[in-house]
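Structure record follows, encoded as structure tokens.
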Amino acid sequence: MESTIIRSKNFNAYFGENHVVKNVNIEIPKNHVIAVMGPSGCGKTTYLRCINRMHELIPGATCNGEMVLNDEDVYSMHPIFVRLKIGMVFQRPNPFPNLSIYDNVIAGYKLNGIKLPKGERDKVVEQSLSRAALWKEVKDSLHKKGTFLSGGQQQRLCIARAIAMEPEVLLLDEPTSALDPISTSSVEDLLHELKTNYTLIIVTHNMQQAARVSDRTAFFYMGELVEYDDTKKMFTNPRDNRTQNYITGRFS
Amino acid sequence: MSNLVKYRIAKSSALKIFTIFLAFVCVVPLIFILLYIIRAGITKINWHFLVNIPKPVGESGGGIANALLGSMIIIGVAALIAIPVGILGGIYLNENKKSRLAYWSRLCVDILQGVPSIVIGIVAYFWLVKPLGGFSALSGSVALAIMMLPIIIRSTEETLKLLPDSLKEAAFALGMPFHRVILKVIVPCGISGILSGVILSVARIAGETAPLLFTAFGNPYISTNITKPMQSLPLLIYNYATSPYNDWLDLAWGASLILLLWVLLLNIITKLTTRRWKVQL
Chain A
1 MESTIIRSKN FNAYFGENHV VKNVNIEIPK NHVIAVMGPS GCGKTTYLRC
51 INRMHELIPG ATCNGEMVLN DEDVYSMHPI FVRLKIGMVF QRPNPFPNLS
101 IYDNVIAGYK LNGIKLPKGE RDKVVEQSLS RAALWKEVKD SLHKKGTFLS
151 GGQQQRLCIA RAIAMEPEVL LLDEPTSALD PISTSSVEDL LHELKTNYTL
201 IIVTHNMQQA ARVSDRTAFF YMGELVEYDD TKKMFTNPRD NRTQNYITGR
251 FS
Chain B
253 MSNLVKYRIA KSSALKIFTI FLAFVCVVPL IFILLYIIRA GITKINWHFL
303 VNIPKPVGES GGGIANALLG SMIIIGVAAL IAIPVGILGG IYLNENKKSR
353 LAYWSRLCVD ILQGVPSIVI GIVAYFWLVK PLGGFSALSG SVALAIMMLP
403 IIIRSTEETL KLLPDSLKEA AFALGMPFHR VILKVIVPCG ISGILSGVIL
453 SVARIAGETA PLLFTAFGNP YISTNITKPM QSLPLLIYNY ATSPYNDWLD
503 LAWGASLILL LWVLLLNIIT KLTTRRWKVQ L
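Here is the structure:
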């Protein structure tokens with residue numbers, strides 16, 4: 001039996017009066033890739049940002065319900081611990097422009113004031129960059145600025161930065177929407193490999209991508225979780241009409 | 253038809269020439285001022301002029317060492333007061349764009365920028381000079397610090413406003429507490445704009461006379477005690493330029509040129525820092 005790492009129960013999120021995530025119940029198994037898909041404005045990104053408590057940083061944003069990480073309520077933990085355990089990669093690559101590639105990877109340590117001995121630092125940098133499939137490309141320019149890289153490389157740098165902190169869960173918010181097809185496929189390949197160490201939750205409105213990379217898919221529509229099932233089953237034999245309509249492209 | 257086009261082309265070039273002419277007009281006063289002051293001041297400046305204090309009336313020679321040192325101390329203390337307050341204030345305004353306190357303090361900062369410098373001098377007089385029982389360099393520094401504040405606050409705020417939110421999100425997502433996000437990410441990324449605001453504010457107050465008239469007051473001797481009256485360049489120029497003695501007039505011209513070069517240098521440094529410290533986003 002696979003163990004559950006994240007569980008939401010009756011989870012709601014709001015922007016002021018606007019109810020954007022409605023009563024979501026979901027159980028996310030460890031070491032799987034979960035795709036969250038749905039049309040624009042369906043609350044999928046908001047739901048993702050609730051998992052590591054980024055949602056509450058927006059003025060007027062609130063949420064309620066149960067969000068549990070390994071039997072511990074996320075909303076009674078300190079947000080800083082939550083975010084150390086649940087890493088995040090954003091839609092647009094956002095390396096720190098004032099730091100070198102090397103420093104970007106260990107930014108989570110360096111900027112948090114966690115001192116690592118030089119040898120260990122080098123190890124973390126090499127390991128994270130290798131796992132993010134970027135080591136070979138940048139190993140000779142580690143001390144150049146992170147913004148010197150191409151968009152796809154920057155996004156993999158951001159992934160390296162997130163996994164350098166050894167989180168348990170990695171949230172990816174449309175990580176490839178700003179990338180070209182080649183960079184997209186290298187990021188997708190990467191997700192497969194990362195699965196052995198982390199649990200990945202990826203938001204995407206690209207159905208092919210959801211089908212390609214995920215073990216399970218959750219379909220959001222108008223703030224509701226319409227369907228959540230094995231990806232194969234969902235794309236071949238959806239239970240709900242709305243899912244059927246979405247994956248066959250009858251609305252978007 | 254072709255006539256119409258020709259007419260339009262002519263009109264267009266007329267406007268172009270007119271704008272070039274006006275742009276030139278903007279530069280002319282500065283060139284005249286520069287030339288005039290350089291011609292009058294350049295012959296007065298030498299090493300002796302920089303390291304000696306003014307001689308009493310009737311003796312020729314003398315320098316502006318007391319004013320030069322005084323100006324540096326007064327401005328230095330003013331910067332020590334204004335820089336932390338201004339930068340932190342600017343950070344607050346950027347972090348809490350919509351709060352009521354931000355609205356009111358932004359308004360107050362804008363009004364403060366428009367308050368005549370002589371009024372600020374009077375306020376410093378009533379706050380510090382009267383209660384402390386005498387003129388002091390410190391009270392002059394406070395007056396100048398008040399003048400620096402709006403410039404630093406607004407330039408910090410405007411710089412930080414241009415940084416993308418994604419930067420802050422990246423930092424928060426790595427589990428950084430708020431103070432580290434500000435100190436390690438936001439401020440370093442905006443450092444060029446913040447620094448140039450600071451240097452510009454120093455350039456702006458370097459020539460202020462009015463706030464110093466009844467605070468720092470002036471002093472014919474070298475003084476490093478900030479609780480006592482102190483000379484400064486603009487005060488020296490003000491006092492000596494209105495005097496009837498030729499030696500003193502010469503000192504005023506030389507001091508004017510020094511002050512002008514100082515401000516010019518600060519502006520050039522600003523340009524260089526903006527380029528050197530700019531973080532490519």
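Residue numbers (the working numbering), protein chains in the order written: chain A, 1 to 252; chain B, 253 to 533.
By construction, the Cβ of each residue, glycine as well, lies at the ideal position given by its N, Cα and C atoms.
Short CB-CB distance (under 8 Å) between residue i and chain A
i        : result
Arg528/B : no
Leu419/B : yes
Leu452/B : no
Pro429/B : yes
Thr525/B : no
Lys296/B : no
Lys350/B : yes
Ala422/B : yes
Ser357/B : no
8 Å Cβ cut-off: residues of chain A touching residue i
i        : result
Arg432/B : Leu111, Asn112 and Gly113
Pro440/B : Asn98
Amino acids of chain B, ordered along the chain, whose beta-carbon sits closer than 7 Å to that of residue i
i        : result
Ala107/A : Leu426
Leu84/A  : Gly427
Rounded C-alpha distance that separates residue i from residue j
i        : j        : result
Thr147/A : Gln532/B : 7 Å
Leu426/B : Leu134/A : 20 Å
Asn25/A  : Met67/A  : 9 Å
Gly373/B : Leu516/B : 25 Å
Val394/B : Met400/B : 10 Å
Arg7/A   : Val433/B : 29 Å
Asn304/B : Asn318/B : 8 Å
Gly366/B : Glu460/B : 14 Å
Leu447/B : Thr526/B : 8 Å
Asn18/A  : Ile520/B : 51 Å
Met1/A   : Ser214/A : At Met1/A the pLDDT is 45, less than 50, meaning the model places this residue with poor confidence and gives no usable figure here.
Val279/B : Gly342/B : 33 Å
Asn348/B : Ile438/B : 14 Å
Leu57/A  : Phe430/B : 11 Å
Leu503/B : Pro306/B : 8 Å
Gly322/B : Thr476/B : 7 Å
Pro463/B : Ser495/B : 21 Å
Leu465/B : Ile510/B : 20 Å
Thr217/A : Lys44/A  : 12 Å
Ala507/B : Ile294/B : 10 Å
Gln153/A : Ser183/A : 8 Å
Leu129/A : Ala160/A : 5 Å
Asn31/A  : Ile5/A   : 9 Å
Ala455/B : Trp514/B : 8 Å
Ala334/B : Ala397/B : 5 Å
Gly386/B : Ile269/B : 57 Å
Chain B contact for residue i (CB, 8 Å cutoff)
i        : result
Gly87/A  : yes
Phe90/A  : yes
Leu129/A : no
Thr200/A : In the sequence as presented, Thr is not what sits at residue 200/A; that position holds Leu. By this cut-off, Leu200/A is not an interface position.
Met165/A : yes
Ile159/A : no
Closer than 8 Å at the beta carbon, the chain B residues around residue i
i        : result
Thr147/A : Gln532 and Leu533
Ile80/A  : Gly427, Met428 and Pro429
Asn94/A  : Pro416, Ser418, Leu419, Glu421 and Ala422
Under 7 Å from the C-beta of residue i: neighbouring residues of chain A
i        : result
Lys436/B : Leu111
Ala319/B : Ordered by position in chain A, no residue passes the 7 Å Cβ test against Ala319/B, which lies about 40 Å from the chain.
Practice item. Pick out the complete beta strand (DSSP E) segments inside the stretch 9–43 of chain A, 3 residues or longer, and give them in chain order. Key: Within the stretch 9–43 of chain A, complete beta strand (DSSP E) segments of at least 3 residues are found at 18–29 and 33–37, given in chain order.
Point to revise | Sequence ranges, alpha helix (DSSP H) only - wholly within the stretch 339–416 of chain B, length at least 4 | key: Counting only unbroken stretches of 4 or more residues, the alpha helix (DSSP H) elements lying wholly within the stretch 339–416 of chain B are 352–366, 369–376 and 389–413, in sequence order.
**Study point:** alpha helix (DSSP H) runs wholly inside the stretch 49–113 of chain A, at least 4 long, in chain order
**Key:** Taken in chain order, the complete alpha helix (DSSP H) segments of 4 residues or longer contained in the stretch 49–113 of chain A are 79–85, 101–105 and 107–110.
Practice item. Compile a chain-ordered list of the residues in the stretch 48–68 of chain A whose CB is closer than 8 Å to at least one CB of chain B. Key: Hits within the stretch, in order: Asn52, Met54, Leu57 and Pro59.
**Study point:** Uninterrupted beta strand (DSSP E) stretches inside the stretch 156–235 of chain A (no shorter than 3 residues)
**Key:** Within the stretch 156–235 of chain A, the complete beta strand (DSSP E) runs of at least 3 residues fall at 169–173, 199–203, 216–221 and 224–230.
Review point. Taking the runs of the alpha helix (DSSP H) that are 4 residues or longer, which of them lie wholly in the stretch 454–514 of chain B?
Key: Given a length threshold of 4 residues, each whole run of the alpha helix (DSSP H) inside the stretch 454–514 of chain B is given here in chain order: 462–465 and 485–493.
Practice item. Note down, one range per segment and in chain order, each alpha helix (DSSP H) of at least 4 residues found wholly within the stretch 288–322 of chain B. Key: As summarised for the stretch 288–322 of chain B, the continuous alpha helix (DSSP H) elements at least 4 residues long and confined to that stretch are 299–303, given in chain order.
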